[in-house]
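Student:
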Amino acid sequence: MVMFKVSRVETAPIDGQKPGTSGLRKKVKVFMQPNYLHNFVQSTFNALPPEKVKGATLVVSGDGRYFSKDAIQIIINMAAANGVRRVWIGQNGLLSTPAVSAVIRERIGADGSKATGAFILTASHNPGGPNEDFGIKYNMENGGPAPEGITDKIYENTKSIKEYFIAEDLPDVDISNIGVTSCAGPEGQFDIEVFDSASDYVKLMKSIFDFESIQKLLASPKFSFCFDALHGVGGAYAKRIFVEELGASESSLLNCTPKEDFGGGHPDPNLTYAKELVARMGLGKTKPEQEPPEFGAAADGDADRNMILGKRFFVTPSDSVAIIAANAVQSIPYFSDGLKGVARSMPTSAALDVVAKNLNLKFFEVPTGWKFFGNLMDAGLCSVCGEESFGTGSDHIREKDGIWAVLAWLSILAYKNKGNLNGGKLVTVEDIVTQHWATYGRHYYTRYDYENVDAGAAKELMAHLVKLQASLPDVNKTIKGIRSDVSNVVKADEFEYKDPVDGSISKHQGIRYLFEDGSRLVFRLSGTGSEGATIRLYIEQYVKDASKTGRDSQEALAPLVEVALKLSKMQEFTGRSAPTVIT
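Numbering (this note's numbering), first residue to last: 70 to 652.
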């Protein structure tokens with residue numbers, strides 16, 4: 070057995086180590102600076118209750134991006150020195166963010182041990198490579214991201230840190246081989262266990278979904294399928310689940326080899342970056358060589374986000390979560406006893422609200438950030454939730470889950486087609502969405518991002534919008550002067566959320582204008598760093614009339630877009646005649 074000594078290393082605070090909702094994200098070169106990672110890891114250990122460190126079991130893994138392997142060895146050596154009892158590592162250092170959550174919640178070690186937390190090494194959908202991004206975040210015992218109480222403590226610790234502890238003489242662990250390495254230090258035995266990245270997660274998925282019915286769907290000559298992992302960690306699960314468990318052909322998998330630089334691409338599952346999948350599904354600029362598959366999906370770098378596509382058809386994330394909620398009880402065994410409730414982030418369209426009202430479900434509108442959903446789930450108030458930024462999930466774990474969302478859609482397709490796989494017409498993704506609109510109405514939806522706007526100008530624009538809210542009659546007069554065909558504003562506010570579980574209040578979460586016909590305008594400021602600010606404008610037109618749910622999205626939204634831009638004086642304040650990105 071290898072013996073190790075604990076070294077106390079003097080250090081000094083490094084600026085800018087404030088973790089956001091999703092941890093600390095910086096360029097790789099920043100993380101590679103002397104003591105940068107060490108300071109953050111030690112500050113995290115110091116922020117946790119002693120019993121969650123001494124004698125504890127921690128998970129350390131991530132999406133496999135560049136610098137992960139070095140970071141894992143550093144964290145192992147620091148965990149040993151801080152009295153951690155054992156570290157669990159996914160083979161090759163790979164675990165998707167949802168799989169980490171599942172491992173914390175579900176996995177039991179050979180000796181009966183359970184994990185109390187995890188360091189997840191990911192910058193999610195951001196690019197990877199020597200000149201790109203790296204990230205680290207800490208998840209708690211419930212499998213969810215550390216709450217603000219902990220992240221604030223971590224940040225305070227980074228500002229006053231004087232020393233860190235490390236077992237420098239511990240040899241590097243071979244993380245490509247499954248097995249246990251045991252060492253001994255001043256506080257006794259320390260184990261490093263490398264385990265199969267997919268097994269716990271696959272087992273959990275099989276307990277949620279009816280794999281047999283999905284197998285039948287995938288085996289049908291009428292149905293074709295395509296999944297793009299964008300060279301992220303989702304590839305480590307795609308082959309196991311879609312090919313080995315569900316019988317899909319390997320040719321249906323795109324970019325499913327995890328790579329440190331995501332193949333030079335941007336691992337963000339949207340119509341801009343998932344170019345290969347978008348082209349194959351018939352949504353590209355050129356006509357595909359072959360007939361597009363019936364169903365396509367993509368996941369991001371750490372496999373917590375998803376995009377759902379039908380043949381020549383895009384499903385918006387806001388519609389996706391509403392459709393999953395509307396069909397979950399019939400299609401997914403895990404929900405057969407009913408949904409406890411549903412929730413969405415405030416900027417996400419109100420499609421889910423309409424489903425909740427019709428099905429008489431508890432409904433919550435929360436600020437952006439998965440931890441708000443986690444609180445509701447821990448209290449047994451929410452089963453299915455989602456956000457417009459391609460995140461969908463349920464209470465099986467405490468993170469959003471890309472592969473879960475794909476399996477949920479396959480389950481709905483399998484349920485809708487169970488009687489017609491041998492004869493009759495296939496119910497397609499587009500059919501399911503258009504049927505949903507016919508039942509619940511359609512929320513035409515778009516997001517305009519104005520990036521790197523002067524921070525002062527962005528704040529002035531937001532202040533102008535708040536000031537306007539003092540008089541709704543004046544707002545409606547202005548709107549009618551812009552477009553007479555737009556409904557009246559009945560409520561305007563700055564969104565504030567009081568958490569029903571812990572009573573905490575989140576203020577200034579975005580400016581809302583709510584219209585009589587169910588339409589909405591939402592303005593949010595995102596990040597005011599050195600690069601300036603990003604203004605996000607969300608425009609949503611609700612149409613209940615089934616004869617009007619098939620219009621072109623941009624055409625249906627044009628009146629509200631004009632109102633939003635003129636009411637906010639967007640060009641006057643920002644100097645921009647067009648957004649940087651339209652989603």
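Using N, Cα and C, we set each Cβ at its ideal position, and we do this for glycine too.
Predicted, not measured: the structure shown is a model, and the values here were computed from it.
#1: Could you tell me the distance, in whole angstroms, from the CA atom of F172 to the CA atom of D562?
#2: Over the uninterrupted beta strand (DSSP E) stretch that includes R511, give me the two end residues.
#3: Enumerate in chain order the residues of its own chain whose CB-to-CB distance from D96 is below 8 angstroms, with the five nearest sequence positions on each side excluded.
#4: Can you check which of these residues, V156, N108, Y566 and K291, is closest to F442 by C-alpha distance?
#5: Where R593 and K291 are concerned, what is the direct C-alpha to C-alpha distance, given to the nearest angstrom?
#6: Between which two residues does the beta strand (DSSP E) harbouring S76 extend?
#7: F383 to P648, Cα distance in whole Å?
#8: For V650, which residues from the same chain have a beta carbon less than 6 angstroms from its beta carbon, with the 5 sequence-adjacent residues on both sides left out?
#9: Tell me whether M147 is buried or exposed, calling it buried when 16 or more other Cβ atoms sit within 10 Å of its Cβ.
#10: Go ahead and pull the three-state DSSP assignment for V544.
#11: Helix or strand or just coil, what does DSSP make of E237?
#12: Can you tell me which of I223, G159 and T191 puts its alpha carbon nearest to the alpha carbon of S245?
#13: Going straight from the alpha carbon of S76 to that of G178, what length do you get?
#14: Which term fits D388, buried or exposed, when burial requires 16 or more other beta carbons within 10 angstroms of its beta carbon?
#15: Would DSSP call G248 helix, strand or coil?
#16: To which residues does DSSP link G379 through a beta bridge?
#17: On the premise that V612 lies in contact with A602, defined as a C-beta separation below 8 angstroms, what is that separation, rounded to the nearest angstrom?
#18: Using CA coordinates, which residue listed in F294, G572, E434 and Y582 is at the minimum distance from S556?
#19: Based on Cα-Cα distance, which residue from S112, K206, L287 and K121 lies nearest to L490?
#20: Could you tell me which of K222, I223 and G254 sits nearest to E237, measuring between CA atoms?
#21: Determine whether the beta carbon atoms of C295 and R374 lie at a separation below 8 angstroms.
#22: Under three-state DSSP, which class holds G688?
#23: Spatial neighbours of G460 within its chain, please: C-beta separation below 6 angstroms, excluding the five flanking residues on both sides.
#24: Return the chain-ordered list of same chain residues with a C-beta closer than 7 angstroms to the C-beta of G162, the five sequence neighbours on each side being excluded.
#25: Got a sec? Which residues, its chain only, sit under 7 angstroms from Q623 by beta carbon, not counting five neighbours each side?
#26: Note the first and the last residue of the continuous beta strand (DSSP E) segment covering V242.
#27: If we ignore side chains and look at the alpha-carbon of each, how far apart do W157 and V398 end up?
#28: In angstroms, rounded to a whole number, what distance separates the CA positions of P569 and L239?
#29: Any idea what DSSP makes of D447, helix, strand or coil?
#30: Suppose the cutoff is 7 angstroms on Cβ atoms and the five residues either side in sequence are ignored; what does the same chain contact list for P327 look like?
#31: Do K285 and A507 have their C-beta atoms within less than 8 angstroms of each other?
#32: Can you tell me where the alpha helix (DSSP H) with F109 in it begins and where it stops?
#33: Taking the alpha carbon of L106 as the point to measure from, which residue in G92, L117, A448 and P119 has its own alpha carbon closest?
#34: How would you call M446, buried or exposed, if buried means at least 16 neighbouring beta carbons within 10 angstroms?
#35: Specify, as a first and last residue, the run of the beta strand (DSSP E) that A474 falls within.
#36: What's the call for E232, buried or exposed, on a 16-neighbour Cβ count within 10 Å?
Tutor: Answer, in terms of the structure:
#1: The amino acid at residue 172 is misidentified as Phe; the sequence shows Val. Roughly 41 angstroms separates the two Cα atoms.
#2: R511 to V522
#3: The sequence given here has Lys at residue 96, not Asp. Correct list, in chain order: N200, E201, D202 and F203.
#4: Measuring from the Cα of F442, the nearest candidate turns out to be Y566.
#5: 44 angstroms
#6: S76 to E79
#7: Rounded to the nearest angstrom, the two C-alpha atoms are 21 angstroms apart.
#8: Within the same chain, and ignoring the five residues on either side of V650 in sequence, the residues whose Cβ sits closer than 6 angstroms to its Cβ are D518.
#9: buried
#10: The answer is helix: DSSP assigns V544 an H, G or I state.
#11: Correct three-state label for E237: coil.
#12: Answer by Cα proximity: G159.
#13: 29 angstroms
#14: buried
#15: Reduced to three states, the DSSP call for G248 is strand.
#16: For G379, which the question treats as bridged, DSSP gives the partners F364 and F382.
#17: Taking C-beta atoms under 8 angstroms as the contact rule, A602 and V612 fail to qualify, at a distance of about 32 angstroms.
#18: Y582
#19: L287
#20: G254
#21: no
#22: This structure cannot settle anything about residue 688, because the visible part of the chain is limited to 70 through 652.
#23: Only residues of its own chain outside the window of five on either side were considered, and among them R374 and K469 have a CB closer than 6 angstroms to the CB of G460, listed in chain order.
#24: S130, G131, G133, S137, K138, I141 and I244
#25: none
#26: Element bounds for V242: n/a, residue is neither H nor E.
#27: 35 angstroms
#28: 47 angstroms
#29: Three-state DSSP puts D447 in a helix.
#30: Contacts found: G133, L163, H300, G301, V302, G304 and A305.
#31: no
#32: Y105 to A116
#33: G92
#34: buried
#35: It is not in any beta strand (DSSP E) - A474 instead sits in the alpha helix (DSSP H) that spans G471 to K485.
#36: exposed
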